[in-house]
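In the numbering used here, the protein residues as written are 4 to 222. Using N, Cα and C, we set each Cβ at its ideal position, and we do this for glycine too. Owing to the predicted nature of the structure, the values given are computational and were not obtained by experimental measurement. One structure below.
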């Protein structure tokens, strides 16, 4: 994904070799905190998370949508009454979906699993960021449609509709975070980042100011 462009460039410039660590979103922050991995990717900011990890610059603004199959007559959240709507365990939208309907909310361990559940009809809706349409297993499928979410849809507040996406490092490894920030600034200045956005069919409206959020790191 887009974060991979940043990490690949960083590794090349620093003579490093990337090693992928397979984990679920829910356990990724803990893995960073326990130093099992150096960098966690694609995480939105919350004060609770910031107590345990250090945030880098944001690299993308992600707009919340609900995905449905093209064949589903989506007319807003009311058309999902009695239907299953999924997202990933630990995502900021999960508790709001559960409050909206405990019986209709369906939580999955990762993005691939929930996307496959939509494709095979196990669920009828899937809440995530708009960038997911380009990733496997959707791969820009014409059979999948994204519907922008608005304030109050599925009980989701405005603050979680447009989310800057960050990478994370351990609180005791802030130097790594600073180096990642410099790498992103370099890519932006050279125009390489803008090329990467176009590759993923992302526009300039999804760029974000290079500014870290309030850091806490209290453990």
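Quiz prompt | First and last residue of the uninterrupted beta strand (DSSP E) at residue 98 | solution = The continuous stretches of beta strand (DSSP E) do not include residue 98, which lies in the alpha helix (DSSP H) extending over residues 97-103.
Quiz item: Which ranges would you report for the beta strand (DSSP E) in the stretch 69-148 if only whole runs of at least 3 residues count?
Solution: Counting only runs that start and end inside the stretch 69-148, the beta strand (DSSP E) elements of at least 3 residues fall at 88-91, 108-111 and 128-132.
Quiz item: Should residue 185 be labelled buried (16 or more other beta-carbon atoms within 10 Å of its own) or exposed?
Solution: exposed
Quiz item: Are the CB atoms of residue 91 and residue 28 nearer to each other than 8 Å?
Solution: yes
Self-check item: Euclidean distance between Cα positions of residue 6 and residue 126
Solution: 28 Å
Quiz prompt | For residue 22, the nearest candidate out of 36, 43 and 182 (CA to CA) | solution = 43
Quiz item: Beta carbon of residue 54, beta carbon of residue 219: below 8 Å?
Solution: yes
Exercise. Measure the C-alpha to C-alpha separation of residue 183 and residue 173 and round it to an integer number of angstroms.
Key: 13 Å
Quiz item: Would you call residue 205 buried or exposed, if buried means 16 or more other Cβ atoms sit within 10 Å of its Cβ?
Solution: Counting C-beta atoms within 10 angstroms of its own C-beta, residue 205 has 16 or more neighbours from the protein chains shown and is therefore classed as buried.
Practice problem: Say whether the stretch 130-142 touches the stretch 60-78, bearing in mind that this needs 3 or more beta-carbon pairs closer than 8 Å, one atom from each stretch. | Solution: yes
Quiz item: Is it the case that the Cβ atoms of residue 47 and residue 168 are separated by a distance below 8 Å?
Solution: yes
Self-check item: Cβ separation of residue 136 and residue 149, assumed to be a contact under 8 Å, to the nearest whole Å
Solution: 6 Å
Quiz item: Fully enclosed by the stretch 12-51, which alpha helix (DSSP H) runs are 4 residues long or longer?
Solution: 28-36
Practice problem: Assess, as a yes-or-no matter, whether the stretch 80-91 is touched by the stretch 194-208 under the definition of 3 or more beta carbon pairs within less than 8 Å. | Solution: no
Quiz item: For the candidate residues 139, 171 and 164, whose alpha-carbon lies nearest to that of residue 56?
Solution: 171
Practice problem: Would you tell me roughly how many angstroms separate the C-alpha atoms of residue 108 and residue 157, rounded to the nearest one? | Solution: 10 Å
Quiz item: Between which two residues does the beta strand (DSSP E) carrying residue 171 extend?
Solution: 165-173
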